[in-house]
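Novice: Let me begin by handing over the structure; questions about it come next.
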Amino acid sequence: MIEFSTWDILRNLIFAARWTVLLSLVSFAGGGVVGLMILFARISKSKALRRFAIGYIELFQGTPLLMQLFLAFFGLGLLGVDVPAWLAAGSALILWSAAFLAEIWRGCVEAVAKGQWEASASLGMGRLQQLRYVILPQALRVAVPPTVGFSVQVIKGTALTSIIGFTELSKAGTIVTNATFQPFTVYGLVALIYFALCWPLSRYAHSLERKLHVAHRGH
Amino acid sequence: MSLIAVTELKKRFGANEVLKGINLDIMPGEVIAIIGKSGSGKSTFLRCINGLETVDEGSILVAGAQLLPDEVHLKALRLKVGMIFQQFNLFPHLSAGRNVMLSQMVVKKTGKAQAEAMARRQLERVGLAHKFDAYPDELSGGQQQRVAIARALAMEPIALLCDEITSALDPELVAEVLAVVRELAAEGMTLMMVTHEMKFARDVCSRVVFMHEGRVHEVGPPEEVFSAPKTVELQRFLGHGHA
Amino acid sequence: MAYVFDFTWLAEYWPLLVKGVRITLQLILIGGVLGVALGIACAWVRALGPKALRVPVAIYVELIRNTPFMIQLFFIFFGLPALGLQMGEMTAAYIAMVVNLGAYGCEIIRAGIAATPRGQFEAGASLAMTPFETFRHVVLVPSLQRIWPALSSQIVIVMLGSAVTSQIAVEDLTFAANFIQSRNFRAFETYLVSTALYLLLAIGLRQAMGLIGAAIFPKRSAR
Ligand SMILES: Nc1ncnc2c1ncn2[C@@H]1O[C@H](COP(=O)(O)OP(=O)(O)O)[C@@H](O)[C@H]1O
Ligand SMILES: [Mg+2]
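Chains as they are written, first to last, in UniProt numbering: chain A, 1 to 219; chain B, 1 to 243; chain C, 1 to 223.
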């Protein structure tokens, strides 16, 4: 049997963590774009669009991400193509992130005082103009901390993609464990790498939020 | 011809009928004070005229045009009628000058230079030319409310609706805002203002409307309304017969 | 599209799904109660407890909140036996869920405690209660009431997260779905049905949390 030093293990894991990072970035960015569309539907004047957005959010927040990954994997398979794991992983994570981001951002839009809608309406602005020039710039300010905070959930969420066969950090952990028979060390290191990715983002989100609160009190 | 004509206006919130058939005609250049107890429907009435609330029954004509609840008609209405709110509602992310420029540029598609010139003129008019670059949270309540007035004036409305625009102000700041309104009245602007400033109403307004339980209960020139209230409700509201 | 949906397998396999739902419910029931208890204990430590314990608890909370649940589960189930801590898959799943919910619950409940008006502590002290008695009798219930919606959402999240316990062979709803789809070759339909069951579980759990809240908190909300 080949001897694996802790350093060998760590190197392999860090190597695989690239894919965790890449998948997280893609999911977060894609989720942001789709999430914005869901947000617009959620706060639109059309009842049908609002219903759709509510249903979408309820569906993705009310079911396990793992199930969504399975459905993406086998659902895309129904279309007749041979689905690579990264594609199923990416699409499921994008749709899942979109639901959470839309819901976070809706809260931020609703946090903007009602008087802002009324004042801009009384000046003759249309709905889109109100959103673009008055509401969203204000919502954006409060949206940054929880959005950064959600990126941590995305990174952790990518771990599940190992189950449908995408080789990222968690999958590498399983592979290396099977080769080394050192589950304690390997999963400990895997956890530490996730921690190293997530913790700075958590801290950053936290400090942003504190700054926002201080700024709020200052006025 | 009247500038604003309200006929049999009714408004309900669920089962609660808040406006029960309001009739009121306002001539160009008139300054109307609306008084009445809290909850009598004063705000709702003004908000209907600005299209912020949908109307259940009756009609509102502004300069001969019917108020209809679609975006095109609403926009046309709001270009004619400006509104000032109790809570100022300045846009906190924009400077005072930008607050006044924004809707000109976005709604009227006025060019930037022209919008800025207009903003400076209107801020000058309310005595705040020097605060062009200040942000709302750097201004006192009275100054914020004057910026809000300048913002509405920049749209060149033919009438202004004011809903208790001094009620959120510290007492020492009320006068500066009322002075601006007095000036506007003198220039011939048509004004409808909900107010608790009875002395101001007496001095400046051409007519006083007393609202009670969703109706115009009594209306007339200020001398009459204040000195010789006809109805018991108005007498009680004004504090007559208490002594 | 040529694909024809087929749900006839349900006739044969529904008992497996029912069993899976039962195990998932069992997981969240036990994991939820113990997890909230751990969360309360940790929140007490972080807000009011002995200084020596605050840092270890903070480290625990940060570690858990910044690593995936699946890795926590694998570490407990595969890693801990290396230290001589053998356990069955159900035990590992319970521990992982309690540890996970404990950390999130701690942060949520701590926010509820932080929002307690100072006067409440002072009132307790003036009635000769010890700080712990004040916490137990005066502060805790209104604090929980304040954050009950957030705590309920977190419990739903943990329930949905329990799907990965199928990976260590806990026979939960996901395990049942995996098993069934390997037999009926109707993977998509199988996961569709189990996803719908999870959705119902989530909705039901949220309602149950609302009912529990209504039962344990006084009607007039403390704020
Ligand atoms: N958006 C609303 N939804 C439900 N009821 C409302 C709403 N706005 C006002 N009301 C009700 O309408 C009545 C009149 O309110 P309002 O017009 O604000 O009175 P005023 O300005 O004279 O104090 C009150 O009973 C109030 O509760
Ligand atoms: Mg009012």
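Think of the CB as a built atom: it goes at the ideal place given N, C-alpha and C, for glycine as much as any other residue.
Could you confirm whether any beta carbon from chain A is found closer than 8 Å to the beta carbon of Met-83 (chain B)?
Specialist: Counting from 1 along the second sequence, the entry for residue 83 (chain B) is found at position 83. Interface residue, yes.
Novice: In angstroms, rounded to a whole number, what distance separates the CA positions of Phe-179 (chain C) and Leu-151 (chain C)?
Specialist: As a position in the third sequence, residue 179 (chain C) is number 179, starting the count at 1. As a position in the third sequence, residue 151 (chain C) is number 151, starting the count at 1. In a straight line, the C-alpha of Phe-179 (chain C) is about 32 Å away from that of Leu-151 (chain C).
Novice: Taking the alpha helix (DSSP H) that Asp-8 (chain A) falls in, what are its first and last residues?
Specialist: As a first step, residue 8 (chain A) must be located in the first sequence, where it is residue number 8. Where Asp-8 (chain A) is concerned, the enclosing alpha helix (DSSP H) stretches over 6-42.
Novice: Compute every distance between the C-beta of Lys-19 (chain C) and the non-hydrogen atoms of ligand 1, then say whether any falls below 7 Å.
Specialist: Position 19 of the third sequence holds residue 19 (chain C). No, ligand 1 has no heavy atom inside 7 Å of this Cβ.
Novice: Alpha carbon to alpha carbon, how far is Pro-117 (chain C) from Phe-135 (chain C)?
Specialist: By 1-based counting over the third sequence, the position of residue 117 (chain C) is 117. By 1-based counting over the third sequence, the position of residue 135 (chain C) is 135. Each residue's Cα considered, the two are about 13 Å apart.
Novice: Give me the Cβ distance between Leu-90 (chain B) and Ala-148 (chain B), rounded to the nearest whole Å; I'm assuming they're in contact under 8 Å.
Specialist: Sequence index remark: in the second sequence, residue 90 (chain B) carries index 90 (1-based). Sequence index remark: in the second sequence, residue 148 (chain B) carries index 148 (1-based). Indeed they touch by this definition, with Cβ atoms about 6 Å apart.
Novice: Tell me whether Lys-211 (chain A) is buried or exposed, calling it buried when 16 or more other Cβ atoms sit within 10 Å of its Cβ.
Specialist: Position 211 of the first sequence holds residue 211 (chain A). Exposed is the call here.
Novice: Leaving aside the five residues before and after Arg-110 (chain C) along the sequence, list all residues of the same chain whose C-beta is less than 7 Å from its C-beta, in chain order.
Specialist: Position 110 of the third sequence, counting from 1, holds the residue named residue 110 (chain C). Only Ala-43, Arg-46, Ala-47 meet the Cβ criterion.
Novice: Quick one: Cα of residue 223 (chain A) to Cα of Phe-78 (chain C), how far?
Specialist: There is simply no residue 223 (chain A) to check, as chain A begins at 1 and stops at 219 in what is shown.
Novice: Can you pull the chain C residues whose beta carbon is under 7 Å from the beta carbon of Phe-74 (chain A), in chain order?
Specialist: As a position in the first sequence, residue 74 (chain A) is number 74, starting the count at 1. Near Phe-74 (chain A) (Cβ distances below 7 Å), the residues of chain C are Ala-187, Phe-188, Tyr-191.
Novice: Hey, is the region 65-72 of chain A in contact with the region 88-99 of chain A, meaning 3+ C-beta pairs nearer than 8 Å?
Specialist: Contact between the region 65-72 of chain A and the region 88-99 of chain A is present, because at least three Cβ pairs lie under 8 Å.
Novice: Could you give the DSSP three-state label for Gly-79 (chain C): helix, strand or coil?
Specialist: On the third sequence, residue 79 (chain C) is found 79 positions in, with the first residue counted as 1. Gly-79 (chain C): helix per DSSP, three-state reduction.
Novice: With 16 as the cutoff for other CB atoms within 10 Å, does Ala-222 (chain C) come out buried or exposed?
Specialist: As a working mapping, residue 222 (chain C) is identified with position 222 in the third sequence. Confidence at Ala-222 (chain C) is low in this model, with a pLDDT of 48, below 50, so the placement of that residue should be treated as unreliable; the coordinate-derived value is given next. That one is exposed.
Novice: Does DSSP classify His-242 (chain B) as helix, strand or coil?
Specialist: In the second sequence, counting from the first residue as 1, residue 242 (chain B) sits at position 242. Confidence at His-242 (chain B) is low in this model, with a pLDDT of 47, below 50, so its placement is unreliable and no value can be given for it.
Novice: Considering only the beta carbon of each residue, do Thr-20 (chain A) and Ala-85 (chain A) sit closer than 8 Å?
Specialist: By 1-based counting over the first sequence, the position of residue 20 (chain A) is 20. By 1-based counting over the first sequence, the position of residue 85 (chain A) is 85. Not in contact: Thr-20 (chain A) and Ala-85 (chain A) (Cβ atoms no closer than 8 Å).
Novice: Measure from the C-beta of Pro-68 (chain C) to each C-beta in chain A and report whether the shortest distance is under 8 Å.
Specialist: On the third sequence, position 68 is the one that residue 68 (chain C) refers to. Judged by the 8 Å Cβ criterion, Pro-68 (chain C) is in contact with chain A.
Novice: Within the present structure, is the beta-carbon of Val-194 (chain B) separated from the nearest heavy atom of ligand 3 by less than 7 Å?
Specialist: Within the structure as shown, ligand 3 is missing, the only ligands being ligand 1 and ligand 2.
Novice: Based on DSSP bridge pairs, tell me the residues matched to Leu-161 (chain B).
Specialist: What you label residue 161 (chain B) is simply residue 161 of the second sequence in a count that begins at 1. Leu-161 (chain B) is bridged to B:Met-83, B:Met-192.
Novice: Taking only the alpha-carbon atoms, compute the straight-line gap between Gly-218 (chain A) and His-93 (chain B) and give it to the nearest angstrom.
Specialist: Here residue 218 (chain A) corresponds to residue number 218 of the first sequence, with the count starting at 1. Here residue 93 (chain B) corresponds to residue number 93 of the second sequence, with the count starting at 1. Its pLDDT being 42, under 50, Gly-218 (chain A) is placed unreliably in this model, and the coordinates cannot settle the point.
Novice: My assumption, with CB atoms under 8 Å, is that Glu-8 (chain B) sits in contact with Gly-58 (chain B). Please give the rounded CB distance.
Specialist: Position 8 of the second sequence, counting from 1, holds the residue named residue 8 (chain B). Position 58 of the second sequence, counting from 1, holds the residue named residue 58 (chain B). Indeed they touch by this definition, with Cβ atoms about 4 Å apart.
Novice: Residues in the same chain with beta-carbon distance under 6 Å from His-242 (chain B), minus the five sequence neighbours each way, listed in chain order, please.
Specialist: In the second sequence, the residue the question calls residue 242 (chain B) occupies position 242. Here the model assigns His-242 (chain B) a pLDDT of 47, short of 50, so the residue's position is not dependable and the matter cannot be decided.
Novice: Can you list, in chain order, the residues of its chain with a C-beta nearer than 6 Å to that of Ser-27 (chain A)? Leave out the 5 residues immediately preceding and following it.
Specialist: What you label residue 27 (chain A) is simply residue 27 of the first sequence in a count that begins at 1. If we look at Ser-27 (chain A) and ignore the five residues flanking it on each side, its Cβ neighbours are Leu-93, Ile-94, Ser-97, Val-154.
Novice: Could one say the Cβ of Gly-79 (chain C) lies closer than 8 Å to chain A's Cβ atoms, at least one of them?
Specialist: Your numbering for residue 79 (chain C) matches position 79 in the third sequence. Yes, its Cβ sits closer than 8 Å to a Cβ of chain A.
Novice: Nearest CA to the CA of Leu-192 (chain A): which residue from C:Arg-22, C:Ile-71, C:Ile-28?
Specialist: By 1-based counting over the first sequence, the position of residue 192 (chain A) is 192. Of C:Arg-22, C:Ile-71, C:Ile-28, the residue nearest in Cα terms is C:Ile-71.
Novice: Give the interface partners of Pro-145 (chain A) over in chain B, defined as CB-CB distance under 8 Å, in chain order.
Specialist: Residue mapping note: residue 145 (chain A) aligns to position 145 of the first sequence, counting from 1. Within chain B, no residue comes near Pro-145 (chain A); the closest Cβ sits about 17 Å away, beyond 8 Å.
Novice: Return the first residue and the last residue of the beta strand (DSSP E) that Val-112 (chain A) is part of.
Specialist: Here residue 112 (chain A) refers to the residue found at position 112 when the first sequence is read from its first residue. Counting along the chain, Val-112 (chain A) falls outside any beta strand (DSSP E), and DSSP gives it neither H nor E.
Novice: Cβ closer than 8 Å: which chain A residues qualify as neighbours of Ser-103 (chain B)?
Specialist: Residue 103 (chain B) sits at position 103 when you count from the first residue of the second sequence. Neighbours of Ser-103 (chain B) on chain A, chain order: Ser-120, Leu-123, Gly-124, Met-125.
Novice: Determine the closest residue to Ala-119 (chain B) out of B:Gln-143, B:Leu-184, B:Arg-98, B:Ala-168, with distance taken between C-alpha atoms.
Specialist: As a working note, residue 119 (chain B) is residue 119 in the second sequence. That would be B:Arg-98, whose Cα lies nearest to the Cα of Ala-119 (chain B).
Novice: Is Ala-191 (chain C) buried or exposed, if buried means 16 or more other CB atoms sit within 10 Å of its CB?
Specialist: The residue you call residue 191 (chain C) lines up with position 191 of the third sequence. Strictly speaking, residue 191 (chain C) in this sequence is Tyr, with Ala absent from that position. Buried is the call here.
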